[in-house]
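Please read the structure below before turning to the comments.
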Amino acid sequence: MKNIIIIGSGTAGLAAANYLSSKNFNVTVLDKGKYPGGRISTRRGKDFIFNHGAQFFTAKSNEFKKICNRAVNDNVLVNWVDSKKNKFIGNPDMREFSLWLSKNLSIYQDTVVERLEYNDQFTVYTDNKKFICDGLIITAPSSQTASLIKNLDQNICKLIEKVEYFPCWCVMLSIKDFSLKKFNIDEKSIFSWIVSENNKIKNQLNYNCLTIHTNEKFSLENLDKTKEFTLDKIVQEFTKIYQVKMQDIIYKNIHRWRYAKVKKPFPQEESKISKKIPFGIAGDWCPPSQDKHYNGNGQRVEDAYLSGIECSKSLIKHYFN
Ligand SMILES: Cc1cc2nc3c(=O)[nH]c(=O)nc-3n(C[C@H](O)[C@H](O)[C@H](O)COP(=O)(O)OP(=O)(O)OC[C@H]3O[C@@H](n4cnc5c(N)ncnc54)[C@H](O)[C@@H]3O)c2cc1C
Numbered sequence: 009m010k011n012i013i014i015i016g017s018g019t020a021g022l023a024a025a026n027y028l029s030s031k032n033f034n035v036t037v038l039d040k041g042k043y044p045g046g047r048i049s050t051r052r053g054k055d056f057i058f059n060h061g062a063q064f065f066t067a068k069s070n071e072f073k074k075i076c077n078r079a080v081n082d083n084v085l086v087n088w089v090d091s092k093k094n095k096f097i098g099n100p101d102m103r104e105f106s107l108w109l110s111k112n113l114s115i116y117q118d119t120v121v122e123r124l125e126y127n128d129q130f131t132v133y134t135d136n137k138k139f140i141c142d143g144l145i146i147t148a149p150s151s152q153t154a155s156l157i158k159n160l161d162q163n164i165c166k167l168i169e170k171v172e173y174f175p176c177w178c179v180m181l182s183i184k185d186f187s188l189k190k191f192n193i194d195e196k197s198i199f200s201w202i203v204s205e206n207n208k209i210k211n212q213l214n215y216n217c218l219t220i221h222t223n224e225k226f227s228l229e230n231l232d233k234t235k236e237f238t239l240d241k242i243v244q245e246f247t248k249i250y251q252v253k254m255q256d257i258i259y260k261n262i263h264r265w266r267y268a269k270v271k272k273p274f275p276q277e278e279s280k281i282s283k284k285i286p287f288g289i290a291g292d293w294c295p296p297s298q299d300k301h302y303n304g305n306g307q308r309v310e311d312a313y314l315s316g317i318e319c320s321k322s323l324i325k326h327y328f329n
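Set out below in structure tokens:
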């Protein structure tokens, strides 16, 4: 049985891991985060839930529809009834979907991959352990992937340099005595999206939990500012527009996504499999090239899922048939 290591337990990594496991590979997933899911991410506390990465997703391709329908049957995904489009949300929160995709997989979380070497087999050096494998799939965002493979494949590295992302600052606020649940965003504001988590699924939250994303312009301009400074600036702006009293804010926190939305994806026509050694790249920035029903632009959970499947199929075809 061949051993495959997948770097990243985001949607692309989990899709690849499940596919390869179903084809009788011995798969191990390594991820530096605390929980599986990557940019599908939830912060849970006694009085709050914030889905501070992807808030929902849609399914257009048959392949992704199939997995979403299975997740709906298992009650870890539900339709967001409030929305007109067919949007899926995690039940009770987004992390649940990733946990569901992770079951039966061998995953090491809190494990940072620092270096890769190839000499008939791959050696994967992490911050606490060394792994050996026959094949590898890397699903980290583009620049993190490039730095890991720079000594393995210069051709892919050069193509990765063209990939660009928009960042996003995300603020999480719990507010008492504030009932607004739907927000119309003024184009001139610094916000791109504000959602009340209480408006998604019936829950027992005592306070109004808001997840606030700032727009591309604000996020870029403030990318390298400190968290304290940026949180303060966003909260000031929010309280001013929506007339919230500072003393009613029970909880506040901020997260910076350096790689939020893909601006320029990896060229669709280029191979995501190395022509030299058995590894491939996947992730939302590597939208699939072969799906007849769906042409993604690399910005969504569905792109990540499909790219993980496509990369696994190509890896088998090129190296393990
Ligand atoms: C704020 C925000 C809002 C969004 N909203 C939506 C939405 O509404 N709908 C939608 O469809 N999409 C949305 N997206 C996009 C969606 O979240 C992503 O497209 C998708 O989750 C990407 O999955 P991925 O597997 O490609 O990457 P990721 O989820 O980023 O997974 C990559 C994984 O690699 C790991 N990693 C990186 N480097 C290393 C290393 N050296 N060692 C070990 N592990 C490593 C990371 O920890 C991470 O878990 C949003 C994204 C953000 C940030």
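Here the sequence shown stands for residues 9 to 329, numbered as in this note's numbering. Beta carbons: idealized from backbone N, C-alpha and C, even for Gly. Predicted model only: the values in this text are computed from it and were never measured.
Query	Result
So Cys176 is in the beta strand (DSSP E); what residue range does that whole segment cover?	172 to 183
Pull up the CB-CB distance for Ser187 and Tyr215, whole angstroms please, since I reckon it's below 8 angstroms.	With a Cβ gap of about 11 angstroms, Ser187 and Tyr215 do not count as contacting.
From which residue to which residue does the alpha helix (DSSP H) around Lys325 run?	309 to 327
For Thr234, which of helix, strand or coil comes out of DSSP?	coil
Select from Lys184, Glu278, Gln276, Tyr116 the residue whose C-alpha is nearest the C-alpha of Lys253.	Lys184
Going along the chain, which residues of its own chain have a beta-carbon closer than 6 angstroms to the beta-carbon of Arg266, five neighbours each way excluded?	Pro175
Nearest to Ser96 by alpha carbon, out of Glu318, Ser30, Arg308?	According to the sequence shown, residue 96 is Phe rather than Ser. The shortest Cα separation from Phe96 among Glu318, Ser30, Arg308 belongs to Arg308.
Figure out for me which residue from Tyr173, Ser114, Ile146, Asp142 has the closest Cα to the Cα of Lys271.	Tyr173
I'd like the list of long-range same chain contacts for Lys42, defined as Cβ closer than 8 angstroms, with 5 residues on each side in sequence excluded.	Gln117, Asp118
With hydrogens ignored, establish whether the beta-carbon of Ser310 is closer than 8 angstroms to any heavy atom of ligand 1.	Correcting the residue type first, residue 310 is Glu in the shown sequence and not Ser. True, at least one ligand heavy atom lies under 8 angstroms from that Cβ.
Using only the alpha-carbon positions, how far apart do Ile140 and Phe237 sit?	43 angstroms
Give the DSSP bridge partners of Phe287, in chain order.	Leu144
Would you decide whether Asp311 is buried or exposed? Buried here means 16 or more other CB atoms lie within 10 Å of its CB.	buried
Heavy atom of ligand 1 less than 8 angstroms from the Cβ of Ala290, yes or no?	yes
Considering only residues of the stretch 86 to 156, which uninterrupted beta strand (DSSP E) runs meet the minimum length of 3 residues and lie entirely inside it, listed in chain order?	96 to 98, 114 to 116, 121 to 127, 129 to 134, 138 to 141, 143 to 146
Express the C-alpha separation of Phe287 and Leu323 in angstroms, rounding to a whole number.	7 angstroms
Closest to Gly45 by CA distance: which of Tyr27, Gly98, Tyr302 is it?	Gly98
Can the beta-carbon of Asn207 be found closer than 9 angstroms to that of Lys189?	yes
Could you compute how far the alpha carbon of Asn26 sits from the alpha carbon of Ile258?	40 angstroms
Grouping DSSP H, G and I as helix and E and B as strand, with all else coil, what is Arg78?	helix
What residues match up with Cys165 in a beta bridge as DSSP calls it?	The partner list for Cys165 (beta bridge, DSSP) is empty, contrary to what the question assumes.
Excluding five sequence neighbours on each side, which residues of the same chain lie with their C-beta closer than 6 angstroms to the C-beta of Gly304?	Pro295, Asp311
Please say whether Gly143 and Phe64 have beta carbons closer to each other than 9 angstroms?	no
Could you compute how far the alpha carbon of Val120 sits from the alpha carbon of Leu160?	18 angstroms
If you follow the beta strand (DSSP E) that Tyr267 is part of, which residue opens it and which one closes it?	257 to 272
For Lys235 and His263, I'd like the C-alpha separation in whole angstroms.	8 angstroms
Alpha carbon to alpha carbon, how far is Asp194 from Ala23? Give it in angstroms, no decimals.	37 angstroms
Tell me whether Pro149, by its Cβ, gets closer than 8 angstroms to a heavy atom of ligand 1.	yes
Given that a residue counts as buried once 16 or more other Cβ atoms are within 10 Å of its Cβ, and exposed if not, what is Lys269?	buried
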